[in-house]
Structure formats: structure tokens, C-alpha cells
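Numbering (UniProt numbering), first residue to last: 1 to 265.
Built from N, CA and C at the ideal position, the CB exists for glycine as well.
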């Protein structure tokens with residue numbers, strides 16, 4: 001070993017002495033490593049540091065789990081004690097005569113929205129299941145037969161109706177009214193749609209003239225019902241999207257050809 005190597009070894013020894021003197025009482029000793037070859041000596045010294053709170057540095061930084069059971073066990077009696085992030089429980093004292101205090105759940109912190117109640121909605125399928133009275137169908141003349149080329153009068157007495165039902169365990173009022181009527185006279189002619197329910201003679205508004213004799217003709221009326229609903233007691237009526245539908249048919253009747261006959265006075 002030459003003079004330079006001896007000098008470097010001397011430096012190593014002095015560094016170790018300085019580091020040993022600089023350690024506080026009770027501190028773990030530093031890790032010092034030395035490497036030497038013919039021309040140099042390398043010194044590696046690592047010092048363990050303590051965190052300001054006394055824990056060893058280099059941890060994960062995660063908070064330990066809160067032992068809520070121990071907190072409740074060690075808390076003073078006669079008060080509500082926190083037993084969860086947002087929950088509290090009353091801790092009675094020994095031989096305490098007190099009502100059965102319920103557990104309390106605090107409101108969620110900002111950023112955690114409260115669960116919203118689903119809105120009540122009544123659909124066309126809902127009102128279709130209601131017992132809507134179609135209103136009947138009358139053909140005039142009501143005698144089992146009508147004449148060719150003479151107006152056959154029809155009408156219905158469909159009217160507005162109100163129902164009380166339950167949707168999602170909530171009482172709901174529903175009202176329906178006839179929106180329009182489609183009349184099919186059963187002879188192959190195009191159906192007729194009106195917003196008028198018709199009326200009897202002589203104030204009739206819906207009629208049809210058959211052009212040929214036939215047996216077993218029937219008239220069919222299809223009524224579309226518009227609806228509204230309100231949550232019972234709210235006073236706010238909301239429209240139902242779509243329509244309920246009812247259909248009625250008359251009894252079969254004969255269409256006859258009128259015959260002219262001469263008679264003596």
C-alpha cells in the first residue's frame with residue numbers, strides 16, 4: 001500500500017469518528033460502507049432519519065384504521081358517542097333510567113349527494129289497466145235493420161272519468177277524457193275519425209249511408225283516452241304521454257233496400 005492509500009485510509013478513520021460523534025443519544029448508528037483498491041478508498045455512509053412524530057421515515061403514509069368499538073367503550077356515559085364516520089350511539093350510564101335512544105346518522109358531508117326519491121310517473125300502459133267505461137254504442141234506427149241510402153246514425157256516451165290508484169306505494173289520482181273516436185261501419189268503407197261522440201236524431205252529427213243490401217253489418221267505435229295524474233293531495237296535474245284505447249261494437253243488423261209500392265187511397 002503506497003502513501004496515497006495510507007492517507008485515504010486515514011481519512012476514512014476520521015470520517016467514521018466524526019459521524020459517530022454527531023449521532024444523538026439513542027439514535028441508531030449510521031450505515032457506513034468502505035471500499036478500497038490500490039489507488040482509492042470510497043466511503044458510503046447512510047444515516048437513518050426519524051420523522052418529526054417519532055415514527056421511522058419511509059412508511060406508506062396510510063392512516064391506521066379507527067377502532068370505533070374501543071372509542072365507544074372508553075367514552076364517558078350519558079352522551080352520544082361517535083361510532084363511525086357519520087354515526088353516533090348513545091352510551092347509557094349504569095342503572096340509568098332513560099328512553100331507548102335511537103342511533104343517529106349525521107348528514108353526509110359536502111360532495112356526497114343524498115339519495116333522491118324517484119319521481120312518480122303514470123304511463124299510457126298504466127291508464128290502459130284502469131276500468132274505463134267505454135260509454136256504449138247506439139245505432140239508430142234501433143230496430144235490427146236499416147235502409148240503403150238512408151243515414152244510419154251512431155253515437156256514444158263516452159265521458160270523462162276519475163280514478164284513484166297507487167304507483168310505487170304512493171296514492172295517485174288519474175282522470176281520463178275521450179280524445180277522439182274512430183268509426184268503422186263494417187262495409188269496407190274507410191273508417192271515419194271525429195272528436196265528436198255523436199248524438200241521436202234529430203241532432204245527430206255522425207252518420208253513414210250504406211250503398212247496398214247486406215246481412216250482419218256491425219259498427220265499431222274505437223275511442224282514444226287522454227289522461228292526467230296528480231300525486232294525491234298535491235293539486236298539480238301532469239299529462240300522461242300517449243293514450244288508453246277502448247273498442248265497442250254494435251249488435252249485427254240487416255241493411256235492406258227500400259221498395260216502392262203503389263196503393264189505393
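Among all the DSSP beta bridges, which residues are the ones paired with residue i?
{"i": "residue 239", "result": "228"}
{"i": "residue 147", "result": "256"}
{"i": "residue 184", "result": "220"}
{"i": "residue 178", "result": "225"}
{"i": "residue 208", "result": "152"}
Residue i to residue j, Cα distance in whole Å?
{"i": "residue 85", "j": "residue 94", "result": "27 Å"}
{"i": "residue 71", "j": "residue 169", "result": "41 Å"}
{"i": "residue 149", "j": "residue 141", "result": "13 Å"}
{"i": "residue 253", "j": "residue 143", "result": "8 Å"}
{"i": "residue 240", "j": "residue 159", "result": "18 Å"}
{"i": "residue 260", "j": "residue 184", "result": "30 Å"}
{"i": "residue 75", "j": "residue 67", "result": "12 Å"}
{"i": "residue 246", "j": "residue 124", "result": "13 Å"}
{"i": "residue 57", "j": "residue 87", "result": "Residue placement at residue 57 is flagged as unreliable, the pLDDT there being 41, under the threshold of 50; a coordinate-derived value is accordingly withheld."}
{"i": "residue 232", "j": "residue 78", "result": "44 Å"}
{"i": "residue 80", "j": "residue 92", "result": "9 Å"}
{"i": "residue 178", "j": "residue 227", "result": "9 Å"}
{"i": "residue 264", "j": "residue 203", "result": "35 Å"}
Tell me whether the beta-carbon of residue i lies closer than 7 Å to the beta-carbon of residue j.
{"i": "residue 151", "j": "residue 207", "result": "yes"}
{"i": "residue 225", "j": "residue 197", "result": "no"}
{"i": "residue 182", "j": "residue 191", "result": "yes"}
{"i": "residue 244", "j": "residue 161", "result": "no"}
{"i": "residue 163", "j": "residue 137", "result": "no"}
{"i": "residue 120", "j": "residue 83", "result": "no"}
{"i": "residue 213", "j": "residue 256", "result": "yes"}
{"i": "residue 139", "j": "residue 219", "result": "yes"}
{"i": "residue 176", "j": "residue 229", "result": "no"}
For residue i, count neighbouring C-beta atoms within 10 Å of its own C-beta (all shown protein chains included) and say buried if the count is 16 or more, exposed if not.
{"i": "residue 209", "result": "exposed"}
{"i": "residue 48", "result": "Here residue 48 scores only 38 on pLDDT, less than 50, and its place in the model should not be relied on; the value that follows carries that caveat. Result: exposed."}
{"i": "residue 201", "result": "exposed"}
{"i": "residue 186", "result": "buried"}
{"i": "residue 135", "result": "buried"}
{"i": "residue 195", "result": "exposed"}
{"i": "residue 193", "result": "exposed"}
Return the first residue and the last residue of the beta strand (DSSP E) that residue i is part of.
{"i": "residue 73", "result": "Looking at the DSSP string, residue 73 is not in any beta strand (DSSP E); the run it does join, the alpha helix (DSSP H), is 68 to 74."}
{"i": "residue 244", "result": "244 to 249"}
{"i": "residue 201", "result": "Run containing residue 201: none; DSSP gives neither H nor E here."}
{"i": "residue 82", "result": "79 to 82"}
{"i": "residue 193", "result": "192 to 194"}
{"i": "residue 167", "result": "161 to 167"}
{"i": "residue 89", "result": "87 to 91"}
Determine the extent of the alpha helix (DSSP H) in which residue i is found, giving its start and end residues.
{"i": "residue 126", "result": "124 to 128"}
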